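A.B. asks: In the working numbering, the protein residues as written are 1082 to 1238.
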């Protein structure tokens, strides 16, 4: 793992973070027929707005040989009575597909879980993708200690 390092993103990293989130969304659109609107400028602005918050964090995986950003994870606070109050939600996780299965995702998850511990969150959740379409994703999270608790639904307002 000496080939890779994880850094906590700051507002100065908004462009890097937003570029990798755009790659994540392109992958969703291609693989599952999703229709995420990819507005790079809006995504970068959102990164800037969120990275200054105390209850949100982004982490970037760097290839130490090339100094290139190769992965990201973001985590945010959610609150629910059923969940005992505040908890974390992994909102984005992406590793460049040319370098997957090298432990980078695990490093990113560990960074996010470390952040969650600093906030005294007792749980961290991640939205579960469709098992039939994304079996490797489900297995990845299970290998990293997550348990299946069902999918989520949403509505835009």
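Beta carbons: idealized from backbone N, C-alpha and C, even for Gly. Just so we're clear, the structure is a prediction, and the values are computed from it rather than from any experiment.
Buried or exposed for residue 1122, going by 16 or more other Cβ atoms inside 10 Å?
C.D. replies: Counting from 1 along the chain shown, the entry for residue 1122 is found at position 41. When all chains shown are included, residue 1122 counts as exposed.
A.B. asks: Of the choices 1205, 1228 and 1172, whose alpha-carbon is the least far from that of residue 1165?
C.D. replies: Within the chain shown, numbered from 1, the residue matching residue 1165 stands at position 84. Selected option, being the one with the closest Cα: 1205.
A.B. asks: Helix, strand or coil, according to DSSP, for residue 1083 in the structure here?
C.D. replies: The sequence position of residue 1083 within the chain shown is 2, counting from 1. Reduced to three states, the DSSP call for residue 1083 is coil.
A.B. asks: When the Cα of residue 1203 is compared with those of 1094, 1117 and 1170, which residue comes out closest?
C.D. replies: Within the chain shown, residue 1203 is the residue found at index 122, counting from 1. For residue 1203, the nearest C-alpha among the options comes from 1170.
A.B. asks: Just curious, the beta strand (DSSP E) that residue 1139 is in, first and last residue?
C.D. replies: For the purposes of this step, residue 1139 is identified with residue 58 of the chain shown, where counting begins at 1. Segment 1137-1144, the beta strand (DSSP E) holding residue 1139.
A.B. asks: Does DSSP put residue 1121 in a helix, a strand or coil?
C.D. replies: The count along the chain shown starts at 1 and reaches residue 1121 at position 40. Three-state result, residue 1121: helix.
A.B. asks: Going by beta-carbon coordinates alone, are residue 1140 and residue 1087 separated by less than 8 Å?
C.D. replies: Residue mapping note: residue 1140 aligns to position 59 of the chain shown, counting from 1. Residue mapping note: residue 1087 aligns to position 6 of the chain shown, counting from 1. Result yes, Cβ atoms of residue 1140 and residue 1087 sit closer than 8 Å.
A.B. asks: Taking DSSP as the reference, what is the three-state secondary structure of residue 1173?
C.D. replies: For this step, residue 1173 is matched to residue 92 along the chain shown. Reduced to three states, the DSSP call for residue 1173 is strand.
A.B. asks: May I ask you to verify whether the segment 1088-1102 touches the segment 1125-1134, counting CB pairs closer than 8 Å and requiring at least 3?
C.D. replies: yes
A.B. asks: Pick helix, strand or coil for residue 1230, following the three-state DSSP scheme.
C.D. replies: Locating residue 1230 in the chain shown gives position 149, counting from the first residue. Reduced to three states, the DSSP call for residue 1230 is coil.
A.B. asks: Could you give the distance in angstroms between the alpha-carbon of residue 1163 and the alpha-carbon of residue 1194?
C.D. replies: Counting from one through the chain shown, the residue named residue 1163 turns up at place 82. Counting from one through the chain shown, the residue named residue 1194 turns up at place 113. Their backbone Cα atoms lie some 20 Å apart in a straight line.
A.B. asks: Could you have a look at residue 1191 and say whether DSSP puts it in helix, strand or coil?
C.D. replies: As a working mapping, residue 1191 is identified with position 110 in the chain shown. The answer is helix: DSSP assigns residue 1191 an H, G or I state.
A.B. asks: In the structure shown, what three-state DSSP assignment does residue 1116 receive?
C.D. replies: Start at 1 with the first residue of the chain shown, and residue 1116 comes out as number 35. If DSSP states are grouped into helix, strand and coil, residue 1116 belongs with coil.
A.B. asks: If the criterion is Cβ atoms closer than 8 Å, does the pair residue 1174 and residue 1085 meet it?
C.D. replies: Position 93 of the chain shown, counting from 1, holds the residue named residue 1174. Position 4 of the chain shown, counting from 1, holds the residue named residue 1085. Against a cut-off of 8 Å, the Cβ pair of residue 1085 and residue 1174 comes out as no contact.
A.B. asks: For residue 1154, which of helix, strand or coil comes out of DSSP?
C.D. replies: Translated into the one-based positions of the chain shown, residue 1154 becomes position 73. Residue 1154 falls in the strand class under three-state DSSP.
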